[in-house]
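Read the structure below first, then the notes.
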Amino acid sequence: MFSIASKVPSVLYKSASFLRLSSTLAFIETSPEGKVLQSSLSALNAANQLGNPISALVVGSNANAASEELRNKIKCGNLNKIIVAKNAAYDNFLPEMLTPLCTELLRSDQYSHFIVSSSSVGKNVLPRIGALLDYQPICDITKIVDANTFVRPIYAGNALATVKCPQDKKLISIRSSSFPSIEEGANEAEIVDAPLMESSSLGTQWEGASLVKNERPDLGSATRIVSGGRGLKNKETFERLVTPLADSLHAAIGATRAAVDAGFCDNSLQIGQTGKVVAPDLYIAIGISGAIQHLAGMKDSKTIVAINNDPEAPIFQVADFGLVGDLNEIVPELTQKITK
Ligand SMILES: Cc1cc2nc3c(=O)[nH]c(=O)nc-3n(C[C@H](O)[C@H](O)[C@H](O)COP(=O)(O)OP(=O)(O)OC[C@H]3O[C@@H](n4cnc5c(N)ncnc54)[C@H](O)[C@@H]3O)c2cc1C
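Each residue of the sequence shown is one higher than the one before, starting from 1 at the first, in the UniProt record's numbering.
Shown next, in the form of structure tokens:
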């Protein structure tokens, strides 16, 4: 593949910011059917806040469907190009396959910003691109102050760092719960093909996936979450109390690390510093003390309801509504009233 950047020594290339205009490359994740994920709509919103022209990169067998969705369902005046890499090799978002493509685009085009959501795909791809291009990524940002300045949580969300980045290319991952989805509508973006890449020489290939089938809303994007902690005592009580309440609210189920470690539920449900970060409209915390590592994953929820028999439990400091009492009595009563 011919590119201008490949002919320019990297030091000169990095310092030659005058060669570039400000523009943003946004990486878009999709479902296997090619539906754009909510987290990527948030990434587009973040890209839009930079005010630069945006190119959106969609990949995989169903990249055409994703490109149509981006053009016809999203109101974003800054989105002027949709780059389509229709290739089954990208279907499972293997970082070994995606990194060369993103790197090639970032090298050869005049991008000042690269934005991806802070999902497992983003977390896999961003450091690789940073290492190959020799730029420091700025991870998990929650706010854009200006094109060079970003806010990101540190110390498990206990402090916010405002980071000014002097690099001429900013490689950014966003915390999607901090950026609402971009507005619905349509745009005039041009659809173009991505450069053809040689197949990876790393010998990595997708062997298969074993997925737990779940009818519930996805934890990362659910608007309501019912979450259980160690106060539920065992798996049987967790399932008997948390599941019906979640059913009655059409909510996703979450848990603390203590509940996961004790085997009450699957570890994919863990919320917190070392689990998922969520910000639903409603978060119901049952038998959860409110340790900082748990709060790091849910304290941005719009309305927090806590059920705990200890009035001094720290969860009440972040709760909008607190029910002090035995969860074995409160939860069935609440479920019954909601179901009625
Ligand atoms: C490096 C590190 C990373 C971590 N990452 C995470 C993380 O990502 N997510 C996470 O959640 N934790 C994480 N933790 C663990 C965290 O510190 C806490 O131990 C954990 O969150 C506590 O879970 P819990 O609230 O379920 O349990 P507990 O702290 O034991 O709280 C149980 C609560 O239930 C209440 N209760 C008991 N019985 C009843 C009853 N009958 N009715 C009503 N209430 C009752 C109690 O009053 C208590 O407040 C991490 C810890 C470390 C060190």
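Backbone N, C-alpha and C fix where the C-beta goes; we use that ideal spot for every residue, glycine too.
Contact fails between the region 60-73 and the region 97-113, because fewer than three Cβ pairs, one in each stretch, are under 8 Å apart.
Short note on SER67: C-beta not closer than 7 Å to any heavy atom of ligand 1. Non-local beta-carbon contacts of THR99 in its own chain, meaning distances under 8 Å to residues more than five positions away in sequence, involve VAL125, ARG128, ILE129, LEU132 in chain order. Not a single heavy atom of ligand 1 lies less than 7 Å from the C-beta of ALA306. Pairing GLY220 with HIS113, the inter-Cα distance amounts to about 25 Å.
Taking 8 Å as the cut-off, the Cβ atoms of LEU232 and ILE253 do not count as close. Residue nearest to GLU184 within the set SER42, ARG216, VAL58, GLN273 is SER42 (criterion: CA-CA distance). Contact annotation: LEU79 and ALA147 have beta-carbon atoms that are not nearer than 8 Å. In summary, HIS250 is exposed, with fewer than 16 beta-carbon neighbours lying within 10 Å of its beta-carbon over all protein chains present. Collapsing the DSSP output to three states places ALA209 in coil. The beta-carbon distance between LEU57 and ALA194, rounded to whole angstroms, is 7 Å. This is short enough to meet the 8 Å contact definition. THR30 sits in a strand when the DSSP states are folded into three classes. DSSP places ALA161 in the uninterrupted beta strand (DSSP E) bounded by 159-164.
The C-beta distance from VAL163 to ILE138 rounds to 6 Å, short enough to meet the 8 Å contact threshold. A direct Cα-Cα distance of roughly 48 Å separates PHE316 from ALA89. Below 8 Å, enough C-beta pairs join the region 277-295 and the region 253-268 to call them touching: three or more. LEU44 and ALA26 have their C-alpha atoms spaced approximately 7 Å apart.
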